[in-house]
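Structure first, commentary second.
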Amino acid sequence: EPEPENLTVADFTPIRSLVLHPGFDPFATDREPFDIAVAQLDLAAKPPHVILPAPIALPVAGALDELKAAGALNKASFDVVGVGPILDWSGGGNPAVIEAYRRRWGSEPIHRLTDDQIILRQRENQDEVGVCASDTGGAVLLAGTDDLVAMIGSFSSRCTPRGYGLRLDTPLVRDFLGQ
477 EPEPENLTVA DFTPIRSLVL HPGFDPFATD REPFDIAVAQ LDLAAKPPHV ILPAPIALPV
537 AGALDELKAA GALNKASFDV VGVGPILDWS GGGNPAVIEA YRRRWGSEPI HRLTDDQIIL
597 RQRENQDEVG VCASDTGGAV LLAGTDDLVA MIGSFSSRCT PRGYGLRLDT PLVRDFLGQ
């Protein structure tokens with residue numbers, strides 16, 4: 477695998493418009509089932525050196541439920557990808573930013589599945605593995621595939637022992653995305 481990339485603002489394509497799910501509540505205290513948006517990129521302003529990946533299809537409805545019913549979900553691993561700052565929390569208070577943008581990824585086993593979330597078990601004591609606050613919106617894929625199953629969900633300011641992903645195979649999300 478290649479080393480994680482250090483990114484700058486010049487490596488991002490600007491967002492032209494952003495549509496939030498109408499049920500989204502930014503002040504919700506629990507995991508938000510409506511924490512999803514569609515970002516439309518401003519392709520005319522895309523930096524020339526940026527190569528956009530091919531679009532990834534959404535999972536079929538109930539894909540994770542089918543894996544669970546087949547007894548394969550607890551044996552599955554999931555690749556997580558996020559972009560965000562590397563923070564130093566050692567000084568107490570607000571963290572110091574060590575690097576502004578870095579793409580990171582890792583593979584995590586499942587902890588459990590709910591009606592609207594996949595909850596991943598963070599791998600402790602492994603550098604660069606596990607999802608944190610700044611990874612929100614990143615991809616959760618069935619390990620070793622391009623099968624997108626969830627988006628990394630909201631987090632508190634620090635990393636948590638569990639990684640939460642909003643399932644993309646549910647009626648609520650599929651209705652919002654027009655599937």
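Under the working numbering, the final residue of the sequence shown carries the number 655; numbering is consecutive throughout.
In this text, a Cβ means the ideal position worked out from N, Cα and C, and glycines have one as well.
Task: Residue burial classification, P535 (beta-carbon count within 10 angstroms, cutoff 16) - done: As a working note, residue 535 is residue 59 in the sequence shown. With 16 or more other Cβ atoms within 10 Å, it is buried.
Task: Inter-residue Cα distance where the pair is T489 and G614 - done: The residue labelled residue 489 in the question sits at position 13 within the sequence shown. The residue labelled residue 614 in the question sits at position 138 within the sequence shown. Distance between the alpha carbons of T489 and G614: 16 Å.
Open item on the list: For V536, report the span of its alpha helix (DSSP H) as first-last.
Closed with: Counting from one through the sequence shown, the residue named residue 536 turns up at place 60. That residue, V536, is in no alpha helix (DSSP H); it is neither H nor E in DSSP.
Open item on the list: Quick check on DSSP: helix, strand or coil for A515?
Closed with: For this step, residue 515 is matched to residue 39 along the sequence shown. Three-state result, A515: strand.
Task: Of the residues A486, D501, D555 and G547, the one placed nearest M627, counting alpha carbons only - done: As a position in the sequence shown, residue 627 is number 151, starting the count at 1. Comparing Cα positions, the closest option is D555.
TODO: Go ahead and label F503 buried or exposed: buried means 16 or more other beta carbons lie within 10 angstroms of its beta carbon, across all protein chains shown.
DONE: Counted from its first residue, the sequence shown places residue 503 at position 27. Classification of F503: exposed, given that the 10 Å Cβ count is below 16.
- [ ] Determine the closest residue to A486 out of T612, P524, L494 and D564, with distance taken between C-alpha atoms.
- [x] As a first step, residue 486 must be located in the sequence shown, where it is residue number 10. It is P524.
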